[in-house]
Amino acid sequence: MTRTEFWQGNTACAEGALAAGCNFFGGYPITPSTEVAEHMAAKLPKKGGVFIQMEDEIASMASIIGASWTGARAMTATSGPGFSLMMENIGFAIMTETPCVVVNIQRGGPSTGQPTMSAQGDMMQARFGSHGDIAIIALSPATVQEMYELTAKAFNLADKYRVPVFVMSDETIGHMREKVIIPDKVERVERKPFVAGSPPFRATDPDLIPGFPLFGTGQHVHVTGLTHDERGYPCATNPGLHMALVKRLVDKIENARDEMADYEVINPDAEQVFVAYGAPVRTVLQVMHDRKDPNIGFLRIRTVWPFPEKALAKFKNAKRFLLPEMNLGQIAREIERHTCVPVKCIPKLGGELHTPSELVAALEAQP
Amino acid sequence: MRKEVRFSGFGGQGIILSAVILGRAAVMYDNKFAVQTQVYGPEARGGASMSQVVIDDDQILYPKVSVPDIYVIMSQEGFEKYGATAQESAVMLVDTTLVHSRPKCRCIEIPATREAKQTLKRDIVANIVMLGALVAATHVVSEESLKKAILDSVPKGTEDLNIKAMQLGLELGKQP
Chain C
1 MTRTEFWQGN TACAEGALAA GCNFFGGYPI TPSTEVAEHM AAKLPKKGGV FIQMEDEIAS
61 MASIIGASWT GARAMTATSG PGFSLMMENI GFAIMTETPC VVVNIQRGGP STGQPTMSAQ
121 GDMMQARFGS HGDIAIIALS PATVQEMYEL TAKAFNLADK YRVPVFVMSD ETIGHMREKV
181 IIPDKVERVE RKPFVAGSPP FRATDPDLIP GFPLFGTGQH VHVTGLTHDE RGYPCATNPG
241 LHMALVKRLV DKIENARDEM ADYEVINPDA EQVFVAYGAP VRTVLQVMHD RKDPNIGFLR
301 IRTVWPFPEK ALAKFKNAKR FLLPEMNLGQ IAREIERHTC VPVKCIPKLG GELHTPSELV
361 AALEAQP
Chain H
1 MRKEVRFSGF GGQGIILSAV ILGRAAVMYD NKFAVQTQVY GPEARGGASM SQVVIDDDQI
61 LYPKVSVPDI YVIMSQEGFE KYGATAQESA VMLVDTTLVH SRPKCRCIEI PATREAKQTL
121 KRDIVANIVM LGALVAATHV VSEESLKKAI LDSVPKGTED LNIKAMQLGL ELGKQP
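Just so you know, the sequences run in chain order C and H. Here my numbering is used: position 317 in the first sequence is 317, and no number is missing along the way. Here my numbering is used: position 144 in the second sequence is 144, and no number is missing along the way.
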């Protein structure tokens with residue numbers, strides 16, 4: 001039996017996490033993400049979980065890494081300024097292969113920017129914000145329903161690939177209330193179990209993911225952000241070992257690009273093709289509905305990182321990709337890397353969602 | 001049919017709660033779709049507050065209100081900022097206790113704050129009076145659904161007061 005709710009995006013995010021079995025939340029409140037923390041603070045302790053308000057976002061990120069090593073499904077939620085502070089420990093989570101979920105309800109930046117307004121300006125920061133060569137996973141919900149579903153899914157991806165997973169939402173979806181259909185239960189994917197006695201960071205499977213040696217199970221594992229060997233011991237001056245480690249951390253994500261790809265193709269024979277993720281999806285859908293023109297296509301992306309590049313080729317007749325983004329063209333640039341078809345940015349800054357008439361104007365304007 | 005509803009007044013009147021209750025009535029009890037959004041800025045505290053609801057029988061794509069069909073205006077500043085440009089085909093309910101301007105569109109005058117104070121001794125429920133009047137005048141959701149959504153949303157111990165406020169609004173909003 002499903003049930004219906006009329007929820008704010010941020011509430012759906014927290015409820016999706018709870019449904020996925022999230023049992024640790026460490027965070028620091030920041031507009032426009034605060035309702036996620038508020039909801040977790042109210043609900044998590046009653047379910048036997050732990051909610052901690054940390055002193056800042058650096059500590060918040062550290063707290064979920066520690067919780068994750070004890071086997072918790074751990075999460076934090078923030079917005080741009082907090083996301084910037086988390087970058088250092090996000091890198092630590094990547095290097096130590098620590099599953100965790102970071103929700104970013106994006107607001108206008110740079111700096112403290114527009115706390116109460118919507119934006120998608122952190123898409124490239126999610127991908128490349130932490131130093132070194134890295135690969136991560138990022139999902140972007142376009143409805144309150146997807147806020148619930150993708151947050152739940154983020155935990156499965158984090159546990160499966162042992163990597164931080166970002167829910168890259170925006171103030172528009174975070175603060176709107178809409179109908180949500182809640183399923184009985186959500187799918188749960190567990191971490192790969194650890195084979196006792198084997199070196200903790202040895203990955204023998206083709207997926208390049210080692211089993212997870214939980215703290216408290218007698219494995220005496222050493223966890224470090226330094227370049228480490230298969231035993232987890234620092235080994236920071238061996239060039240070949242560093243190359244192999246970083247390649248594995250990147251390849252375990254990049255090799256699973258197709259498996260993780262989550263997108264929808266509408267009107268694949270079209271010449272004019274919108275590509276969108278997050279809130280602008282809603283405006284594109286409105287334009288598609290109003291125009292009913294088979295020559296307008298739409299690639300709706302839910303998994304933004306790793307970018308589902310093969311999806312672009314589904315539009316064999318594409319003469320132009322149109323990218324409405326609440327930034328100056330961050331994913332447009334990624335698309336230019338993968339196609340010779342011209343890409344038209346439809347950037348919008350200032351905090352408001354693109355209107356249907358703005359997209360129609362861009363569609364009708366000659367390149 | 002897509003219906004766009006805009007509420008405006010000053011911070012503290014329950015403008016956002018009104019929109020949440022209306023959206024909730026449509027989604028939870030009328031089996032429709034609804035999206036509720038609000039102006040969410042620091043300037044809304046004490047100043048003009050605004051919240052909007054889109055209601056439709058089908059899935060709502062573009063979530064924001066473009067051209068409201070229905071306005072509920074509860075302060076003069078709210079009228080000037082968010083009501084003055086109403087298109088002629090719109091319907092506007094104004095709280096005559098607090099709004100002295102009138103729009104070019106069809107206007108339904110509801111003395112909500114005065115009635116709440118005089119009849120119910122609590123002007124805090126003026127927004128619920130306006131919701132009752134809105135539903136009586138436009139039938140954008142059913143009376144029964146509105147009642148259930150109000151009961152879901154108001155603090156414990158205030159149910160009777162709020163249902164009385166709704167009923168008062170239903171009377172005041174009845175159109176000849």
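Ideal Cβ positions, reconstructed from N, Cα and C, are used throughout, including at glycine. Bear in mind that the values here come from a model prediction, so they are computed numbers and not experimental data.
Of the residues assessed, H228 of chain C falls on the buried side of the cut-off, its CB having 16 or more other CB atoms within 10 angstroms. One Cα belongs to K104 of chain H, the other to G83 of chain H, and the distance between them is close to 10 Å. Residues of chain H with a Cβ closer than 7 Å to the Cβ of H289 of chain C are, in chain order, L61. Along the region 165-176 of chain C, the positions whose C-beta sits under 7 Å from a C-beta of chain H are H175, M176, read in chain order. Residue-level contact by beta carbon holds for Q36 of chain H and chain C, with a gap shorter than 8 Å.
S75 of chain H and L139 of chain C have their alpha carbons spaced roughly 41 Å apart. Taking a Cβ-Cβ threshold of 7 Å, none of the residues of chain H is close to F274 of chain C; the smallest such distance is about 13 Å. G129 of chain C carries a coil assignment under DSSP once its states are collapsed to helix, strand and coil. Of the other Cβ atoms in all chains shown, 16 or more fall within 10 Å of the Cβ of T113 of chain H; this residue is therefore buried.
Restricting attention to C:I209, C:K348, C:K344, the CA atom closest to the CA of E190 of chain C is found in C:I209. With a minimum length of 4 residues, the unbroken runs of alpha helix (DSSP H) contained wholly in the region 96-167 of chain H fall at 112-120, 126-138, 143-153. Rounded to whole angstroms, I16 of chain H and F7 of chain H show a C-alpha spacing of 8 Å. Contacts with chain H at 8 Å (Cβ-Cβ) include R282 of chain C. In the DSSP secondary-structure assignment, M168 of chain C is bridged to C:N104.
A Cβ-Cβ separation of about 4 Å places A20 of chain C in contact with A152 of chain C under the 8 Å criterion. Across the set H:Q52, H:R122, H:R2, the C-alpha of H:R122 shows the shortest separation from the C-alpha of T158 of chain H. Residue range 280-291 is occupied by the alpha helix (DSSP H) that includes T283 of chain C. With 16 or more other Cβ atoms inside 10 Å of its own Cβ, M176 of chain C counts as buried. H39 of chain C sits buried, since 16 or more C-beta atoms from the chains shown fall within 10 Å of its C-beta.
Sequence-distant Cβ neighbours of G129 of chain C in its own chain, meaning closer than 6 Å and more than five residues away, are M87. For L353 of chain C, the closest of C:R282, C:N89, C:C345 by C-alpha to C-alpha distance is C:R282.
For P324 of chain C, there is no enclosing alpha helix (DSSP H); the enclosing beta strand (DSSP E) covers residues 320-325. Interface flag for F298 of chain C against chain H is unset, since no Cβ pair is found closer than 8 Å. With the criterion set as a beta carbon lying under 7 Å from some beta carbon of chain C, the region 71-88 of chain H has no members that meet it. With respect to chain C, the C-beta atom of M1 of chain H has no partner C-beta closer than 8 Å. For F25 of chain C, the enclosing beta strand (DSSP E) starts and ends at 24-27. Contact between I335 of chain C and V275 of chain C holds: their C-beta atoms lie close to 6 Å from each other, under 8 Å. With respect to Q13 of chain H, A126 of chain H sits close: the two C-beta atoms are nearer than 8 Å.
Under the Cβ distance rule, R122 of chain H does not count among the residues neighbouring chain C, no pair being separated by less than 8 Å.
The Cβ-Cβ distance between V54 of chain H and L22 of chain H does not fall below 8 Å. Rounded to the nearest whole angstrom, the CA to CA distance from I124 of chain H to P45 of chain C is 34 Å. Rounded to whole angstroms, the gap between the alpha carbons of M168 of chain C and A116 of chain H is 44 Å.
Going by beta carbons, V287 of chain C and F321 of chain C fall outside the 8 Å limit.
Counting along the chain, the unbroken beta strand (DSSP E) around I301 of chain C starts and ends at 296-301. The contact set of S8 of chain H on chain C, defined by CB atoms closer than 9 Å, is empty, because the minimum CB distance reaches about 17 Å. The beta carbon of L241 of chain C sits closer than 8 Å to the beta carbons of T227, D229, C235 from its chain, once the five residues preceding and following it are set aside; these are given in chain order.
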